[in-house]
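Taking it in order: structure first as structure tokens, then the write-up.
Residue numbers (the numbering used here), protein chains in the order written: chain A, 1 to 195; chain B, 196 to 390.
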């Protein structure tokens, strides 16, 4: 039996993303975002929910492109700072010591210290309420060699991204492997043939 | 220095969600989904990316409502099965032994064994490519008493949801707390006054 809680944006877990843009003055900026996820496989797209009063919103709508960097758990303090301060007023890269890197394919910087970066072009906007949904097509994936495994691709275990509990305002690390997909559920395929 | 990887829907982590609906015959169904996330705080909304050939797509577009349940790590095998089999051909609840529960507020069932459920009404659709984005307004949150803390609200630590590495097709558990938001980054607020 479950109890009822007032409607709230409670999803578990939320990702922890650094959305990187250039301002109108050409300075690199990034903001921390937890409202987002993949929304399409082909073309690969992600969605972000951003408030229209954000500096990042201005930058994305002005330039049409943004980089989504995935910080590892070792960057938790820097990542948190990118969610506290606004790039309108200060240079968050200078404050934290993180390094903006220009992109070959889009008009937005990546962050050297983040193990993975997704170069995105905004292709749709949808105003919802407090937040506007931005669909970004992923044009390129960048990854540190150190987080790539034998097949040349990164993994959740090597990236060690952060997770976010938005109600408790707490970051968590990734834990142990819990099972293989399209595998651990096969034991229930017992009574019916499934093509 | 980063290497370039072909564009792909690589985000870390993805959530692991069970999207519950009723079919045209009134039977409860659920499918596992990892393409999704919160997209708006007020009204609280989440987005899901679903393929139009899915049984769940038919059900959501026919009834306009769906329940997003969050399975805990102990349900990894059942959750995986809900992503392997299609409800067109069998009753996944009967196969796994999980229990569908009617909702007071929407025309879609929750799952008794999942600690948290979000009752959603579809309010927008956007065709993107292989997947269609569905925006669901969260009308009600249901939570087991056992995962609620002193303030009556659940937490990532008590829910123990799964995480998903889509490229590796691996589930992971939640790890240790990694930091407090709006707190661990304050140490960088050293040189500039931030209102």
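We put the beta carbon where it would ideally sit given N, CA and C, even for glycine. In this text, all values refer to a predicted model and were calculated from it rather than measured experimentally.
query	result
DSSP beta-bridge partners of residue 126/A	133/A
Min CB distance residue 222/B to chain A below 7 Å	no
Given residue 119/A as reference, the closest of 67/A, 85/A, 94/A and 143/A once Cα atoms are compared	67/A
Where residue 67/A sits in the DSSP three-state scheme	strand
Chain B contact for residue 113/A (CB, 7 Å cutoff)	no
DSSP three-state assignment for residue 110/A, whether helix, strand or coil	strand
Same chain only: Cβ atoms within 8 Å of residue 8/A, ignoring 5 sequence neighbours per side	167
Residues near residue 113/A by beta carbon distance below 8 Å, same chain, minus five either side	71, 75, 78, 98 and 99
Alpha-carbon to alpha-carbon, residue 38/A and residue 136/A	9 Å
Inter-stretch contact at 8 Å, needing at least 3 Cβ pairs: the stretch 298-305 of chain B / the stretch 7-22 of chain A	no
Any chain B beta carbon closer than 7 Å to residue 39/A	yes
Cβ neighbour criterion (16 or more within 10 Å) applied to residue 249/B	buried
Interface residues of the stretch 90-112 of chain A facing chain B [CB-CB below 7 Å]	90, 95 and 96
In DSSP terms, what residue 3/A is bridged to	338/B
Interface residues of chain B facing residue 178/A [CB-CB closer than 7 Å]	268, 271, 357, 366, 367 and 368
Close-in-space but distant-in-sequence residues of the same chain around residue 381/B (CB under 7 Å, 5 per side omitted)	none
Neighbourhood of residue 255/B by C-beta distance below 7 Å, restricted to the same chain and skipping five residues each side	216, 261, 317 and 329
Interface flag, residue 120/A vs chain B, CB-CB below 7 Å	no
Backbone secondary structure at residue 278/B - three-state DSSP	helix
Assigned exposure category for residue 275/B - 16 Cβ within 10 Å defines buried	buried
Endpoints, beta strand (DSSP E) assigned at residue 289/B	It is not in any beta strand (DSSP E) - residue 289/B instead sits in the alpha helix (DSSP H) that spans 287-291.
For residue 155/A and residue 146/A, believed in contact at Cβ under 8 Å, the rounded distance	12 Å between Cβ atoms; not a contact.
Residue 375/B versus 42/A, 179/A and 162/A, residue with shortest Cα-Cα distance	162/A
Same chain only: Cβ atoms within 6 Å of residue 44/A, ignoring 5 sequence neighbours per side	138
Contact set between residue 35/A and chain B, taken where Cβ atoms lie within less than 8 Å	232, 233, 234, 235 and 236
is_contact[residue 153/A, chain B] using C-beta, thresh 7 Å	yes
Closest by C-alpha distance to residue 306/B, when choosing among 253/B, 366/B, 245/B and 277/B	277/B
Proximity of residue 159/A and residue 377/B at Cβ, strictly below 7 Å	no
Residue-chain proximity (residue 66/A, chain B), Cβ-Cβ < 7 Å	no
Residues near residue 229/B by beta carbon distance below 8 Å, same chain, minus five either side	209, 210, 211, 212, 359 and 361
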